[in-house]
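In the order they appear, the protein sequences are chains A and B. For the first sequence, the positions run 533 to 742 when the working numbering is used. For the second sequence, the positions run 32 to 227 when the working numbering is used. Glycine included, C-beta positions come from ideal geometry on N, C-alpha and C.
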Amino acid sequence: MRNQKTLLGSLLVASALFSGCYPEVPDYIDEYDMTYTDHSPSFDFQAANTYALPDSVVIVTGNLANGELPEMVAPAYGDQILGRIRSNLNALGWTEVDNPAVADVVVLASAVKTENVDVYYSYGGYYGWYYPYGGYGWYYPGYYPTYTSYTTGSLIIQMNVPSDVSPTQNVPVVWLSVFNGLLEGSNASIITRANTGIDQAFKQSPYLQQ
Amino acid sequence: MLRTILPLSLLLGAPMIASAQQNIYMLEYPISIATGDLHDFINNPSFRGFNFGYRNMVDVNRAVGIDIGWQTFFEKKELATYYDGTAALTGVQYRYTNAFTASLQVDQVFCDGKDIRPFIGIGAGTAYFRRTLDMGLYRLEKDPWQFLVQPEAGVSLYLANGNALILSGNYYWGFETKQLDAQSYMALSIAFAFGD
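So this is what it looks like as structure tokens:
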């Protein structure tokens, strides 16, 4: 009987050692990084070849009062993000123009570091400062992001068609990218990871090639 | 030293069973290989598991009892892109499936009175599969209960003092549910058996 108790005890220890519901979890921060893209299947990306890019990355912090300007990512980091977006678009054959009113698409970048931010409803007011048609909302033409909240940090890039304003004053978003990850480490390392995410977003969107 | 080594050797499968005993208890270490849909999800073999079994010898050649088991499957998928319609998602995936099984078993045992006794059996019961997919900061989880069928075949090797070593192969087949396709895996096990 004593031997049997020893055996049982040993087996319990063994089961604890060899068994585990979740035997491994990510070891490095970048293993939590994820890049999501989606696009409108009805939009002809080959028919559009010029883009406009704002000179700042907006920080989405919540609803803004009428006329209030949004907070921006510091230029030291925002410029790197915008530069990466620009180089990817140029490499795909797109041509940048200064005037968003004549661009085929407008590419907007924003950063989120709060929870429960709904992408669809968050943009109407944020870019009012940038466009002459301020006050327009934004909508997704027939599809929506699969998730709507962000528990840590996200860099969101969207491609809009300013010439295709709907009767309800919405501007379609024809391409969307969300890079999501932990906001841990130095700013430089976060920017490096964000750049990797930007590259990946364009890499997994071959239909953007001109 | 022997007292230390002995329990460790038992962990890896040491042995017992008694041909004349009514009640037999089995402590089993299985190594499992996923099949079917489970294999599509995780194709690594699992070395993490543990089973407990009980049999009552209703006559010299037939036993009935229960099997209870736990097996954990795991696979890390390196950075890759997954597509769903117009959407694409890139990241590192951690995939887990935990299988908890319980079944009533009936075994036919051959070669009464011999030290080596082959057996075959069949059982039915239930299995709880917890399938977890971690990607980035998000987790997708399905955890159905499925009807379980468990055929088995093996051989018991009588040792001494009513103890035996049992080597067996088991197939676990959980039937498809609305939530998840049929989950199945094959286990090769070594068990330590003893009677009262």
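Under the DSSP assignment, A:ALA623 falls in the alpha helix (DSSP H) whose first and last residues are 607-623. B:TYR60 sits buried, since 16 or more C-beta atoms from the chains shown fall within 10 Å of its C-beta. Across the structure, A:PRO607 and B:PHE104 are spaced so that their CA atoms are roughly 47 Å apart.
Look at B:THR117 here: in three-state DSSP terms it is coil, with no helix or strand label.
Distance from B:TYR216 to B:LEU69 at the Cβ level is roughly 6 Å; contact confirmed, criterion being Cβ atoms closer than 8 Å.
For the pair B:ASP227 and A:TYR560, the Cα-to-Cα distance works out to about 51 Å. Under the 8 Å criterion on CB atoms, A:VAL557 is classed as interfacial with respect to chain B. A straight line joining the alpha-carbon of A:GLU563 with that of A:ASP587 spans about 30 Å. Taking 8 Å as the cut-off, the Cβ atoms of B:GLN136 and B:VAL89 do not count as close. For the C-beta of B:LEU168, the chain A residues within less than 8 Å are, from N- to C-terminus, TYR564, MET566, THR683, THR684, ASN712, GLY713, LEU714. Taking a beta-carbon distance threshold of 8 Å, B:THR132 does not count as an interface residue toward chain A. Residue state for A:LYS735 is assigned as helix, using DSSP reduced to three classes. For B:GLY67, there is no enclosing beta strand (DSSP E); the residue is found in the alpha helix (DSSP H) stretching over 67-72.
With respect to the 8 Å criterion, B:ASP98 and B:GLY84 are classified as neighbours on the basis of their beta carbons. By the neighbour-count criterion, in which a residue is buried when 16 or more other Cβ atoms sit within 10 angstroms of its Cβ, A:SER642 is buried. With a threshold of 16 other beta carbon atoms within 10 Å, A:GLY615 falls short and is exposed. A Cβ-Cβ separation of about 13 Å leaves A:ILE591 out of contact with A:ALA726 under the 8 Å criterion. Distance from the CA of B:LEU219 to the CA of B:LEU196, rounded to the nearest whole angstrom, comes to 13 Å. Among the residues of chain A, those whose CB is under 9 Å from the CB of B:LEU120 are MET566, THR567, TYR568, THR569, THR678, GLN736, following chain order. At a C-beta separation below 9 Å, B:TYR216 has no neighbours in chain A, since its nearest C-beta there lies roughly 15 Å away.
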